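Everything below concerns the one structure shown next.
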Amino acid sequence: MAEAAGDGTYAVGDGPYDVAVIGAGVVGAAVARELAGHELSVALLDARDDVGAGTSKANTAILHTGFDATPGTLESRLVRRGYALLSAYAEATGIPVERTGALLVAWTDEELETLPRLHDKAVANGYDDCVPLTADEVYAQVPALGPGALGGLAVPGESVICSWTTTLALATEARARGAAVLLGRRVEAAEPGPAGTTLRTPAGDVTARWVVNAAGLAADTVDALFGHDRFTVTPRRGELLVYDKLARPLAPRIVLPVPSSRGKGVLISPTIYGNVMLGPTAEDLADRGDTATTAAGYDFLLARGERLMPRLLREEVTAAYAGLRAAIDRDDYLVEADARRRYVLAGGIRSTGLSASLALAEHVRDLLGAAGLALEPRTELPAPPRMPNLGEAAPRPYRDEELIAGDGAYGRVVCFCERVTEGEIRDALRSPLPPADVDGLRRRTRAMNGRCQGFYCAAEVEALLGADR
Amino acid sequence: MSTILTPDVVVVGAGPAGLTAAARLAPRLPPGRVLVLDREREPGGIPRHSDHTGYGLRDLHRLLTGPAYARALTERAVAAGAAIRTEATVTGWAGERALEVTTPQGLLRVEARAVVLATGARERPRSARLVPGDRPEGVLTTGRLQNLVHLHGRAPGRRAVIVGAESVSWSAVLTLRSVGCTTALMTTELDVPESYAAFTHPGRLVLDVPVATRTRVVRVVGRGRLTGVEIEHLDTRRRRIVDCDTLVFTGDWLPDNELARTAGLDLAPGSGSPLTDTALRTSTPGVFAAGNVLHPADTADVAALDGRHVAHQVLRTLAGQQPAPGPGVPLIADAPFRWIAPGLLRPGDPAPPRSRLLLWSAELVRIPRVTVCQDGRVLGHRTLPWPASPGRVFRVPWRLAAGADRRGGPVRIGL
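Following this line, the structure appears as structure tokens:
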């Protein structure tokens with residue numbers, strides 16, 4: 001750890017740690033949590049000033065069964081295992097999950113003919129619960145679908161989850177287990193030395209005996225710092241439209257298109273926050289920071305939406321955003337250990353990485369162990385954190401009589417559209433990993449995410465954020 | 001368990017319409033029988049943070065600033081004996097006239113004999129307008145801007161672009177000016193800005209602000225903090241980027257209709273407001289609506305006078321003097337109108353508030369000749385001396401439609 005100098009400032013170097021994990025997205029946080037459950041000193045680094053603020057924050061937030069992965073791939077195995085692990089972890093920590101189920105809907109004869117193959121693929125992936133549906137059964141499940149559906153395949157296990165809470169819970173638990181969460185640490189160089197690798201960052205060096213690269217969109221750049229040249233990340237922009245909560249009854253299930261080689265295509269999904277999401281687009285970019293939305297993206301989504309669910313488009317859009325998926329030039333996750341450099345890469349983790357995160361953490365742990373890192377499980381670990389519920393499926397503080405009776409701040413609604421109370425905002429600001437800005441607060445509480453986009457509450461929320469500083 | 005309250009009337013929203021309704025109702029009912037709920041810390045609604053003059057002319061016959069007007073209406077409601085509960089958020093319905101409410105003192109269930117929805121209107125934010133681009137800090141609505149400046153005393157930036165050129169847009173200019181933020185440009189997709197300014201008192205004071213007409217916003221620029229906005233001329237398609245650190249989306253009003261929708265009330269086509277008759281009854285017996293939730297957004301004093309009107313109708317209902325309403329005749333707004341309020345005419349009902357029908361035009365028509373028809377018959381027509389103009393409510397004298405057969409076919413109003 002950093003050593004305090006006599007004058008109260010800190011020495012430049014951090015470490016040496018046993019393991020440094022680069023990237024505090026959902027994968028890095030899961031890896032850090034897993035490793036911190038062993039007799040190891042762990043640091044979780046991120047270039048940004050918050051956890052889960054990169055690719056992990058703008059995800060379609062579906063807890064995938066892995067039914068449509070390519071059988072035999074690492075992704076197939078880890079998504080399947082991760083689904084079970086994350087389901088249990090969500091239960092233990094209060095990460096909101098809603099068991100909506102999904103429908104694959106065929107709109108053309110070709111898509112209809114593909115459905116049995118997808119059913120077989122699901123079975124090959126160890127998922128046996130798919131049910132073929134006639135067109136009438138499809139409409140019975142989602143009556144608001146546009147005309148022309150020919151048939152479908154139900155995937156009852158697909159669920160919606162809060163991706164923000166997932167990363168935050170994992171990072172919070174990593175920290176509770178003793179991991180250092182070092183934010184604002186963009187890794188610019190990695191230099192081997194006798195004590196391990198020294199990672200150069202603008203906020204000082206971090207030295208670790210072992211390094212895990214879970215840097216998402218920057219995974220190839222970081223990989224190059226370790227002398228590798230094996231893959232390229234192409235940021236794939238996915239634009240999403242989030243519709244008003246009043247639209248939620250239109251979408252009781254996730255409606256998936258029959259997948260193509262360009263990802264899963266445009267879907268309609270209920271969100272864990274009670275909205276309906278339409279998206280994503282898929283557009284390969286050169287700029288790894290370009291999360292702008294585009295007129296072309298909107299036009300594309302609106303045209304698709306008009307066909308999929310015309311009634312949805314009569315509702316107001318609450319939010320539009322774009323996320324970048326870390327697409328790579330191969331059809332599987334790329335997770336490999338380099339024993340000589342004491343380095344593990346977890347690259348090419350696309351949107352399924354949310355579902356696979358806990359299994360990826362186990363896998364990375366095992367690779368580290370096989371490469372020579374001594375892994376001794378700690379006997380006494382703190383209990384997993386209990387996360388605030390941001391989901392609509394379970395009661396939230398504004399309806400909790402007992403909670404309000406104990407503390408009136410939980411009855412003082414600050415964000416009217418999302419019904420976020422002063423108590424929840426205060427709790428987020430005092431949490432072990434507090435938000436660095438309004439966006440961080442949004443991801444921890446939902447404040448300002450609603451239909452008015454701050455018309456009523458922004459000034460109040462910003463004042464609470466400022467008062468805490 | 002929730003605390004159960006059983007007033008005769010519960011008013012949702014302590015803005016001009018709700019407060020005026022309460023002030024009218026309270027003296028005419030036994031003490032303590034009128035309850036006003038508002039989710040904000042202070043009553044008064046939008047005028048609380050519109051810190052310029054122009055309020056109160058039609059209802060109080062005085063000219064006041066927004067905050068002074070909000071205080072005056074609050075004092076009147078309190079003096080009349082209405083109970084006002086702030087920080088009281090209505091979260092849902094527990095029955096046709098029963099509300100679930102969250103307050104810092106606990107949960108309430110309010111079971112009333114009559115409910116008045118006076119929930120107001122808000123501006124359509126950038127996201128709902130589908131303006132593409134980055135998502136930086138510095139993009140606001142007027143409501144958010146005025147909250148920030150007038151209630152929290154903070155400045156948004158130094159140089160602003162304002163989207164819209166209607167009265168609320170000029171109000172935003174004044175607010176920005178008060179904290180030293182210049183307005184570099186106003187944009188409107190319409191071709192004649194002066195038709196707005198001519199009708200807008202604040203506009204006259206600030207005519208030095210350039211207005212780009214027939215111009216739309218095509219992209220927000222800036223990662224982290226706003227650096228500019230890209231605009232496009234509708235005819236030439238020429239685009240340019242205007243530097244700014246603040247972008248205010250003004251007007252483009254939406255009714256705050258969530259409670260109306262979750263109650264399953266019939267909605268008015270075009271606006272999404274609860275559909276009411278001229279007595280301001282909604283489709284659920286005992287549930288009324290008043291103010292800008294019905295006509296987003298007219299001036300505050302017009303909303304207040306809705307409150308006066310609805311109070312009288314609520315009292316008639318409570319006294320059993322209003323027979324159960326039969327089916328009515330729909331009032332239909334033809335193009336270029338988007339909506340009309342009220343939207344239903346029933347036998348035995350009164351004239352609408354202020355004896356005017358309120359409509360919203362999608363186009364500028366300088367010399368509007370209004371025609372009202374029913375079953376192929378022209379009921380009335382008149383050339384009105386004010387333009388039909390997007391950005392402000394168009395008011396049509398009731399007498400043009402008063403002769404409609406209240407058991408006949410739909411009444412159509414067009415130009």
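Protein chains in written order, with my numbering: chain A, 1 to 469; chain B, 1 to 415.
Virtual Cβ for every residue (Gly too), placed ideally from N, Cα, C.
As the structure is a prediction and not an experimental result, all values here were calculated from the model.
Who are residue i's beta bridge partners in DSSP?
| i | result |
| --- | --- |
| Ala114/B | Val9/B |
| Leu183/A | Leu183/A is not bridged to any residue. |
| Ser361/B | Phe337/B |
| Cys181/B | According to DSSP, Cys181/B bridges with nothing at all. |
| Met387/A | For Met387/A, which the question treats as bridged, DSSP gives no partner whatsoever. |
| Val211/B | Met186/B |
| His381/B | Thr371/B |
| Asn213/A | Ile22/A and Leu345/A |
Look up residue i in the DSSP assignment and say whether it is helix, strand or coil.
| i | result |
| --- | --- |
| Trp386/B | coil |
| Val420/A | strand |
| Gln321/B | coil |
| Ala473/A | Past the boundaries of the shown model lies residue 473/A; chain A is included only from 1 to 469, so the question cannot be answered. |
| Val192/B | coil |
| Phe394/B | strand |
| Asn125/A | coil |
| His233/B | strand |
| Asp18/A | strand |
| Pro125/B | coil |
| Ile367/B | coil |
| Phe288/B | strand |
| Phe199/B | Any answer about Phe199/B is weak, because its pLDDT of 48 lies below 50 and its placement is not dependable; what the coordinates show is given next. Correct three-state label for Phe199/B: coil. |
| Gly348/B | coil |
| Arg240/B | strand |
| Phe249/B | strand |
| Arg99/A | coil |
| Ala359/A | helix |
| Trp170/B | helix |
| Ser41/A | coil |
| Gly196/A | strand |
What does the alpha-carbon distance come out to for the pair residue i and residue j?
| i | j | result |
| --- | --- | --- |
| Thr141/B | Glu123/B | 7 Å |
| Ala165/B | Gly54/A | 38 Å |
| Leu345/A | Asp331/A | 16 Å |
| Leu217/A | Ala289/B | 52 Å |
| Leu250/A | Pro47/B | 36 Å |
| Ala121/B | Gly270/B | 15 Å |
| Val97/A | Thr271/A | 10 Å |
| Glu316/A | Val420/A | 21 Å |
| Val90/B | Val287/B | 15 Å |
| Ala128/B | Asp243/B | 23 Å |
| Gly133/B | Pro27/B | 54 Å |
| Glu362/A | Glu34/A | 7 Å |
| Val411/B | Cys373/B | 6 Å |
| Val34/B | Leu318/B | 12 Å |
| Ala197/B | Arg354/B | Since pLDDT at Ala197/B reaches only 48, below the 50 mark, its modelled position is unreliable, and the value read off the structure follows with that caveat. Rounded to whole angstroms, Ala197/B to Arg354/B spans 25 Å at the Cα level. |
Could you check which residue in the options has the C-alpha nearest to that of residue i?
| i | options | result |
| --- | --- | --- |
| Thr3/B | Ala21/B, Pro27/B, Arg28/B and Glu100/B | Glu100/B |
| Pro431/A | Thr165/A, Gly23/A, Asn125/A and Asp129/A | Reading the sequence as shown, one finds Ser at residue 431/A and not Pro. With distances taken between Cα atoms, Ser431/A lies closest to Thr165/A. |
| Asp128/A | Leu354/A, Pro143/A, Gly157/A and Pro382/A | Gly157/A |
| Ala393/A | Arg99/A, Val413/A, Arg342/A and Ala149/A | Arg99/A |
| Gly353/A | Glu376/A, Gly372/A, Glu336/A and Arg325/A | Arg325/A |
| Asp205/A | Ala214/A, Pro192/A and Ala92/A | Pro192/A |
| Arg58/B | Arg85/B, Ala80/B and Ala17/B | Ala17/B |
Q.
So if I threshold CB-CB distances at 8 Å, which residues from the segment 114-145 of chain B count as touching chain A?
A. Arg122, Glu123, Arg124, Pro125, Arg126, Ser127, Ala128, Leu130, Pro132, Gly133, Asp134, Arg135, Glu137, Leu140, Thr141, Gly143 and Arg144
Q.
Using a Cβ-Cβ cutoff of 7 Å, what residues of the segment 87-116 of chain B are near chain A? List them in chain order.
A. Glu87, Thr89, Thr91, Thr102, Thr103, Pro104, Gln105, Gly106 and Leu107
Q) What are the residues of the segment 266-296 of chain B that lie near chain A, defined by any Cβ-Cβ distance shorter than 9 Å? A) Within the segment 266-296 of chain B, the residues whose Cβ lies closer than 9 Å to some Cβ of chain A are Gly272, listed in chain order.
Q.
Can you pull out the residues from the segment 443-456 of chain A whose beta carbon lies closer than 9 Å to at least one beta carbon of chain B?
A. Taking a C-beta cut-off of 9 Å against chain B, the contacting residues of the segment 443-456 of chain A are Arg451, Cys452, Gln453, Gly454, Phe455 and Tyr456, listed in chain order.
Q: Taking only beta carbons into account, state which residues of the segment 233-264 of chain A come closer than 7 Å to chain B, listed in chain order.
A: Leu246
Q) Taking any Cβ of chain A, which residues in the segment 146-159 of chain B have a Cβ under 7 Å from it, in chain order? A) Asn147, Leu148, Leu151 and His152
Q) If you measure beta-carbon to beta-carbon, which residues of the segment 313-340 of chain A are closer than 9 Å to chain B? A) Glu316, Val317, Thr318, Ala319, Ala320, Tyr321 and Ala322
Q. Can you list, in chain order, the residues of the segment 25-36 of chain B whose Cβ is nearer than 9 Å to any Cβ on chain A?
A. If the cut-off is 9 Å between Cβ atoms, the segment 25-36 of chain B has nothing near chain A.
Q) Got a sec: which bits of the segment 412-437 of chain A sit with their beta carbon under 7 Å from any beta carbon on chain B, in order along the chain? A) Arg412, Val413, Phe416 and Arg419
Q: Below 9 Å between beta carbons is the criterion; list the residues of the segment 288-317 of chain A that meet it against any residue of chain B, in chain order.
A: Gly289, Asp290, Thr291, Ala292, Thr293, Thr294, Ala295, Ala296, Gly297, Tyr298, Leu302, Glu316 and Val317
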